[in-house]
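Counting in this note's numbering, the sequence shown runs from 1 upward without gaps. The C-beta atom is built at its ideal place from N, Cα and C for all residues, glycine as well. Have a look at the structure below, then the notes.
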Amino acid sequence: MLNDTICAISTALNNGAIAIVRLSGDEAIDIADKICDKDLHKVKSHSIIYAHIIENEANIDEVMISIFKAPKTYTKEDIVEINTHGGAYIARKVLNLCLANGARLAMSGEFTKRAYLNGRIDLSEAESINDMIKAKSEVQIKSAMKGIDGSIARLIDPLCNEIMDMIGMIEVNIDYPEYDDVTIITNEHLLPMVEKWLKQADEMIKKAERFRIIKDGIKTAIIGKPNVGKSSLLNALLKKDKAIVTDIAGTTRDLIEDSVELENITLHLIDTAGIRESEDTVEKIGIERSLKALKEAELILFVIDASHPLDDEDKRLIELVKDKDVIYIYNKTDIDCLYEGIKISAQNGDIKELVDHLNSRYDKDQSLIDEDILNNERQVALMKSAYNTLKEIKKAVFDGVELDIISSSLYEAYHDLSEIVGKAYDDDLIDHLFKNFCLGK
Ligand SMILES: Nc1nc2c(ncn2[C@@H]2O[C@H](COP(=O)(O)OP(=O)(O)O)[C@@H](O)[C@H]2O)c(=O)[nH]1
Ligand SMILES: [Mg+2]
């Protein structure tokens, strides 16, 4: 049942100045009324009142109670928020009183789920609320705020509407071929439209991927043969002695991970074991892990000893990364430098050329923050699915496939797009999404 009254502690469960116990549902006001010394039915909506919480005729807390009557509330239902003193114990006690008086404990994200199911927000806005709670950087906050403001609907609605219009026109063509004033849709009409939609979908996917890196950082592996200075580079980037550095080849055996926030980009760094042929059991495992890290990395910092000519080991590694996004870095330039390129001396902390290069590499993507962009993997996956369907449609149009078949494929693409904002949804997906929310949100 949707309208049973749910209840949860909406603030963090540790000692603070106040804690908030929140109720939402038809009986929210009745239940709160039963446990306090004021007549809450007389309180104006969207106002706050001073009261005491009463249990067995004893005062158990002095509180402020906010009353929000439906429909202008977070969930579009009646909401009561009880501001208790901030100890976890007293907040739990008030929560238990609400439960004893007819409320049910809310599941994770259930308030927001109701906001969505009651039509106050769309699914992408609900996701952004969760992103806002979990945000750890300025860019993440800005992006979440845009999402809460409906940026995803703004982004995809025009595309959805155009596709729906086209489906409508095709249907009219099929159902009423005798009407003179109906625009006749032919494959020649369709082709440029489908091409335009494909281009738009492609742009949205690419921008989302570029922006994800700006927003969440990039998985970066430091790769190179043993002793070129990979661990020294990690330490220089982190400005601390995280990895052990020695002149013994094969020092780093396990993967060492840490993140560094540069001006324009956050790197999630993995320092790896130098990749080479080795008989040492432990080193061999380390090298296997390095190869896996290399495969998963989105960016490779490839370190080369600038004071030596490239040998077969270097060349084999260069071959190994040829399909990746690689930045070649020449280290130990304090000794000698036989190459042109990004020169550093990791041991001396002299890595300015590399840091400048990284910042300028991601400089132009900073402006993406002001654009409406798909926000997460779920949204991008649906857009990719719509893109693939549109590609099939393009082929079908070329092949002269019947309009009614094309129309049903268009509907498939439309369905994927509308699922991005949750117009079309299935219950399991919705349950799954809201489970990741905090309790009380
Ligand atoms: N002269 C010089 N030596 C360096 C530099 N970077 C690292 N080294 C030395 O090279 C050796 C190997 O360094 P390390 O960072 O452990 O290399 P890794 O095996 O690639 O992780 C150590 O003795 C470092 O002190 C540098 O920029 N200049
Ligand atoms: Mg090392």
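Between the CA atoms of residue j and residue i - distance to the nearest angstrom
i    : j    : result
I163 : K196 : 11 angstroms
Q366 : V139 : 9 angstroms
I344 : N359 : 16 angstroms
L433 : G109 : 9 angstroms
V355 : I9   : 45 angstroms
C7   : N436 : 18 angstroms
M107 : G25  : 14 angstroms
D33  : A51  : 10 angstroms
A135 : K142 : 9 angstroms
F211 : N130 : 18 angstroms
E263 : G119 : 40 angstroms
I53  : N96  : 12 angstroms
I373 : K207 : 7 angstroms
G422 : T112 : 13 angstroms
I222 : D363 : 22 angstroms
S278 : G224 : 15 angstroms
D149 : E313 : 53 angstroms
A243 : D311 : 25 angstroms
K44  : A144 : 32 angstroms
D336 : K315 : 20 angstroms
D4   : C98  : 13 angstroms
N14  : D61  : 17 angstroms
L410 : T389 : 8 angstroms
L439 : K199 : 40 angstroms
K295 : E412 : 34 angstroms
K76  : I170 : 38 angstroms
L191 : D431 : 39 angstroms
A12  : A100 : 22 angstroms
Y74  : S407 : 38 angstroms
I185 : R114 : 42 angstroms
I174 : E402 : 10 angstroms
R22  : Q347 : 55 angstroms
P226 : A249 : 5 angstroms
E353 : I342 : 6 angstroms
D258 : E319 : 27 angstroms
S385 : R154 : 20 angstroms
A424 : H415 : 7 angstroms
V466 : Q379 : Lying outside 1 to 441, the shown extent of the chain, residue 466 is not represented and no answer is given.
I67  : M132 : 25 angstroms
I79  : A70  : 7 angstroms
I265 : L317 : 26 angstroms
D427 : E392 : 28 angstroms
A381 : T246 : 45 angstroms
L238 : Y339 : 26 angstroms
V94  : K42  : 21 angstroms
Proximity test, residue i beta-carbon vs ligand 1 heavy atom, cut-off 6 angstroms
i    : result
G452 : Look at the range of the chain in this structure, 1 to 441, and you will see that residue 452 is not part of it.
A273 : no
S259 : no
T252 : yes
A346 : yes
V245 : yes
P226 : yes
K343 : no
I335 : yes
K332 : yes
Per DSSP, the bridge partner or partners of residue i
i    : result
N331 : D305
Y50  : M64
E428 : Checking the displayed sequence, the identity of residue 428 turns out to be Asp instead of Glu. The partner list for D428 (beta bridge, DSSP) is empty, contrary to what the question assumes.
Cβ-heavy atom distance, residue i to ligand 2, below 6 angstroms
i    : result
S290 : no
S231 : yes
beta-carbon residue i near ligand 3 non-hydrogen atom, thresh 6 angstroms
i    : result
I287 : The ligand content of the structure shown is limited to ligand 1 and ligand 2, which means ligand 3 is not among them.
Review point. Do the stretch 245-264 and the stretch 285-302 make contact, defined as three or more Cβ pairs closer than 8 angstroms?
Key: Yes: at least three Cβ pairs fall under 8 angstroms.
Point to revise | Cβ contact check for the stretch 9-28 and the stretch 71-90: 3 or more pairs under 8 angstroms | key: The answer is yes - the stretch 71-90 touches the stretch 9-28, with three or more Cβ pairs under 8 angstroms.
Practice item. Kindly provide the ranges of any beta strand (DSSP E) runs that are 3 or more residues long and lie completely inside the stretch 59-86, ordered along the chain. Key: Every beta strand (DSSP E) stretch that sits fully inside the stretch 59-86 and reaches 3 residues is listed by chain position as 79-85.
Check your understanding: What residue ranges within the stretch 255-319 form continuous beta strand (DSSP E) runs of no fewer than 3 residues, ordered along the chain?
Key -> 256-261, 266-271, 299-305, all fully within the stretch 255-319.
Review point. Any chance the stretch 117-130 sits against the stretch 388-404, with 3 or more Cβ pairs inside 8 angstroms?
Key: Contact between the stretch 117-130 and the stretch 388-404 is absent, with fewer than three C-beta pairs closer than 8 angstroms.
Exercise for review: Say whether the stretch 368-376 touches the stretch 319-333, bearing in mind that this needs 3 or more beta-carbon pairs closer than 8 angstroms, one atom from each stretch.
Suggested key: A contact is defined here as three or more CB-CB pairs under 8 angstroms, and the stretch 368-376 fails this definition with respect to the stretch 319-333.
Practice item. Tell me, please, whether the stretch 331-338 touches the stretch 295-309 by the rule of three or more beta-carbon pairs shorter than 8 angstroms. Key: These segments touch.
Point to revise | Three-pair Cβ contact test at 8 angstroms for the stretch 226-239 versus the stretch 257-274 | key: The stretch 226-239 makes contact with the stretch 257-274, as at least three CB pairs between them are under 8 angstroms.
Exercise for review: Please list the segments of the alpha helix (DSSP H) lying wholly inside the stretch 128-182, counting only runs of 4 or more residues, in order along the chain.
Suggested key: You should have 138-148, 151-175.
Exercise for review: Please list the segments of the alpha helix (DSSP H) lying wholly inside the stretch 23-50, counting only runs of 4 or more residues, in order along the chain.
Suggested key: You should have 28-34.
Review point. Would you call the stretch 212-224 and the stretch 294-302 touching, i.e. three or more CB-CB distances under 8 angstroms?
Key: Touching, yes.
**Study point:** Those runs of the alpha helix (DSSP H) which lie wholly inside the stretch 181-256 and span at least 4 residues
**Key:** With a minimum length of 4 residues, the continuous alpha helix (DSSP H) runs that stay inside the stretch 181-256 are 187-216, 230-238.
Point to revise | Any alpha helix (DSSP H) of 4 or more consecutive residues that is wholly inside the stretch 358-411 | key: Entirely contained in the stretch 358-411, the alpha helix (DSSP H) runs reaching 4 residues are, in chain order, 377-398.
**Study point:** Runs of alpha helix (DSSP H) lying entirely within the stretch 97-122, each at least 4 residues, in chain order
**Key:** With a minimum length of 4 residues, the continuous alpha helix (DSSP H) runs that stay inside the stretch 97-122 are 110-117.
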